[in-house]
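Taking our numbering, the leading residue of the sequence shown gets 14, the next gets one more, and so forth.
The block underneath contains the structure these notes are about, expressed in structure tokens.
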Amino acid sequence: MVVGDASVEIDVLVIGGGPGGYVAAIRAAQLGKSVLLVEKDQLGGVCLNRGCIPSKALISAAHQYESMHRSSSIGISAEGVKVDFAKVQEWKNGIIQKMTGDRGIGALIRKNKIELFRGEAMFINEHEARVFNDNETARYKFNHCIIATGSRPIELKAFPFGGRVLSSTEALELREIPKSMIVIGGGYIGIELGQTYAKFGTKVTVLEGSDSILPGFEKELSQLVARNLKNAGVEVFTEAMAQGCEKTDSDVTVTFTVKGEEKKVTADYVLVTVGRRPNTDGELGLDLINLEMGERGLIKIGDQCQTSIPHIYAIGDIVPGPALAHKASYEGKVAAEAIAGLPSVIDYKCIPAVVFSDPEIASVGLTEAEAKKAGYNVAVGKFPYVANGRALSMNSAEGFVKLVGDKETGLLLGAQIVGSEASNLIAEMGLAIEMGATVEDVALTIHAHPTLGEMVMEAADVALGHPIHI
14 MVVGDASVEI DVLVIGGGPG GYVAAIRAAQ LGKSVLLVEK DQLGGVCLNR
64 GCIPSKALIS AAHQYESMHR SSSIGISAEG VKVDFAKVQE WKNGIIQKMT
114 GDRGIGALIR KNKIELFRGE AMFINEHEAR VFNDNETARY KFNHCIIATG
164 SRPIELKAFP FGGRVLSSTE ALELREIPKS MIVIGGGYIG IELGQTYAKF
214 GTKVTVLEGS DSILPGFEKE LSQLVARNLK NAGVEVFTEA MAQGCEKTDS
264 DVTVTFTVKG EEKKVTADYV LVTVGRRPNT DGELGLDLIN LEMGERGLIK
314 IGDQCQTSIP HIYAIGDIVP GPALAHKASY EGKVAAEAIA GLPSVIDYKC
364 IPAVVFSDPE IASVGLTEAE AKKAGYNVAV GKFPYVANGR ALSMNSAEGF
414 VKLVGDKETG LLLGAQIVGS EASNLIAEMG LAIEMGATVE DVALTIHAHP
464 TLGEMVMEAA DVALGHPIHI
């Protein structure tokens, strides 16, 4: 590390080592570029350390715990089943370490000969940046830069984080299962974490401002999750507006209104999940280089992720679009390839959206409503889990697969799935749309029996007008 005013030259500076940044760094290195990756926290970013991976570990543990209590219908029962939550957290943290440590992303960084600086970066001008931490500082001159600084939970003025007011980060680190919890925000983060703790035995109350939970998904999908929440004893208030809270050493009371009527609820903790804010403020120094910004602190980009300064790129949660790890990784590859002179451009047509609720929800492409609004003459095929042998043998007969096609061209436009393994089933649909497959192509693809994947084929048959098993 060179300290002082002299600049070290580098081909590509990547700021942020999350799913967008580290993937961009690896791809740029593969394409022959010298790369400096700057990460102030842990490799893997929010996703691997405080988001996607730890939450899915807790979801898996909660599901297994619940299954041990609900298997009597298939002749299996257990007594004295207990949760050692400290052990659950230890297991979860072990997964994180495997993925982000020296044998995980760290090994990939070394393998691709990427220089890693653990600290922060601040732009000096359009071609130089200062990197620094508590012990050292250096100045780098870069030919290209990829900004991938991610996002953080939005903090409400009436619910400042701390003590018994949690963000998703603190909710994933609790050392014991709370007796009760209030969740402000019924989007995917709130529902995933709220349902997880409910399965562990927490009394959960959800406050959602819109008229249904998971407002980004069709109601025919989210209503199955709502039903399971009700069965688990979760109380859901829709069209609810949280007003404020009163904290004590042992609990917190939230005041909220529902259609003008004031209500109060008290719990051990309140979890605030109302969205995420892009990390484009602070000491990054974007104002020093006059980078063009858009709404809500997002950076405007072109079709190769380039910003208003052509040799500086931006990806992930700091650019418009859904704040999804797989979108960030995709954009990271596009940006790195564009820097290397390849004709790669972003195409968001097939970004899948998944909620790891119970049952799971997954969607890709256009919904039926979106397709109709776009002017398509729509053909819809819907096949229920209850008519699938594999689903029945898994004791998971709740849900359906829905395909949306264009009657004029036969093209598959979109797919929505709610039910067991929806998160895995949606990948086939994304590939089909990406490849320009027709609904008939899907129907003619032989699917192994007995599998959940057969439902995709069966739904295509329904859309074509010749269903077999319903």
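For each residue, glycine too, the CB sits at the ideal point set by N, CA and C.
Predicted model, so just to flag it, every value in this text is computed and none were measured.
8 Å contact criterion, which residue i and residue j should meet: CB distance rounded
| i | j | result |
| --- | --- | --- |
| threonine 293 | valine 196 | No, threonine 293 and valine 196 are not in contact; Cβ-Cβ is about 27 Å, not under 8 Å. |
| glycine 222 | methionine 254 | 6 Å |
| alanine 75 | lysine 192 | Their Cβ separation, rounded to whole angstroms, is 16 Å, which puts alanine 75 and lysine 192 out of contact at 8 Å. |
| aspartate 330 | serine 164 | 4 Å |
| methionine 407 | serine 370 | In fact, because the Cβ distance is near 17 Å, the residues do not count as touching under 8 Å. |
| alanine 37 | asparagine 125 | About 11 Å; that fails the 8 Å criterion. |
| leucine 179 | valine 283 | 7 Å |
| proline 397 | leucine 237 | Contact doesn't hold; Cβ gap of about 11 Å is too wide. |
| phenylalanine 136 | leucine 297 | 7 Å |
| isoleucine 159 | valine 27 | 5 Å |
| arginine 83 | glycine 345 | So it is not a contact: roughly 41 Å between Cβ atoms. |
Option in the options with minimal Cα separation from residue i
| i | options | result |
| --- | --- | --- |
| proline 291 | Thr279, Met306, Val278 and Asp281 | Met306 |
| valine 219 | Ile352, Gly175, Thr464 and Gly207 | Gly207 |
| alanine 161 | Ile204, Val25, Ile108 and Asn390 | Val25 |
| threonine 150 | Leu304, Ile322 and Ser20 | Ser20 |
| threonine 422 | Ser409, Tyr389 and Gly412 | Tyr389 |
| threonine 9 | Phe172, Thr458, Ile109 and Met135 | This structure gives no information on residue 9, because the portion of the chain shown stretches from 14 to 483. |
| threonine 320 | Leu304, Lys243 and Arg309 | Leu304 |
| tyrosine 35 | Val377, Leu416 and Leu49 | Leu49 |
| leucine 311 | Gly298, Leu297, Gly334 and Ile322 | Gly334 |
| alanine 245 | Lys386, Thr209 and Gly273 | Thr209 |
| valine 393 | Ile364, Gly418 and Ala351 | Gly418 |
| glycine 402 | Gly412, Ala387, Gly354 and His462 | His462 |
| phenylalanine 413 | Val391, Ile226, Leu426 and Ser436 | Ser436 |
| valine 377 | Ile89, Lys340, Gly273 and Asp115 | Lys340 |
| glutamate 128 | Gln110, Tyr153 and Gly107 | Tyr153 |
| arginine 123 | Asn148, Leu56 and Ser342 | Leu56 |
| glutamine 256 | Ala99, Ala445 and Lys277 | Lys277 |
| alanine 134 | Lys313, Leu337 and Leu299 | Leu299 |
| lysine 243 | Gly229, Phe230, Glu274 and Ile204 | Ile204 |
Cβ-based burial, residue i [other Cβ within 10 Å; buried from 16]
| i | result |
| --- | --- |
| histidine 482 | exposed |
| valine 475 | buried |
| alanine 280 | buried |
| leucine 430 | It is worth fixing the name first, because residue 430 is isoleucine in this sequence and not leucine. Isoleucine 430 should be labelled buried. |
| asparagine 92 | According to the sequence displayed, residue 92 carries glutamate and not asparagine. Looking at its Cβ environment, which holds fewer than 16 other Cβ atoms inside 10 Å, glutamate 92 is exposed. |
| lysine 385 | exposed |
Separation of residue j from residue i, as counted between CA atoms
| i | j | result |
| --- | --- | --- |
| leucine 185 | leucine 121 | 26 Å |
| lysine 170 | cysteine 258 | 11 Å |
| valine 94 | serine 80 | 11 Å |
| glutamate 141 | glycine 45 | 21 Å |
| glutamate 471 | isoleucine 325 | 47 Å |
| phenylalanine 269 | isoleucine 439 | 37 Å |
| glycine 466 | glycine 449 | 19 Å |
| serine 47 | alanine 366 | 34 Å |
| glutamate 252 | arginine 309 | 24 Å |
| isoleucine 374 | isoleucine 328 | 26 Å |
| serine 263 | glycine 175 | 13 Å |
| glutamate 22 | serine 68 | 39 Å |
| isoleucine 190 | glutamine 77 | 16 Å |
| leucine 61 | methionine 112 | 7 Å |
| isoleucine 66 | glycine 29 | 18 Å |
| alanine 146 | lysine 53 | Reading off the sequence, residue 146 comes out as asparagine, not alanine. Asparagine 146 and lysine 53: Cα-Cα distance of roughly 8 Å. |
| alanine 348 | tyrosine 361 | 14 Å |
| leucine 355 | glutamine 317 | 10 Å |
| alanine 404 | serine 235 | 20 Å |
Residues bridged to residue i (per DSSP)
| i | result |
| --- | --- |
| methionine 306 | Ile312 |
| alanine 134 | Val144 |
| cysteine 258 | Val267 |
Distance cut-off 7 Å: residue i Cβ against heavy atoms of the ligand ADP
| i | result |
| --- | --- |
| isoleucine 118 | For the structure depicted, the ligand ADP is absent and the ligand set is empty, with no information on it obtainable. |
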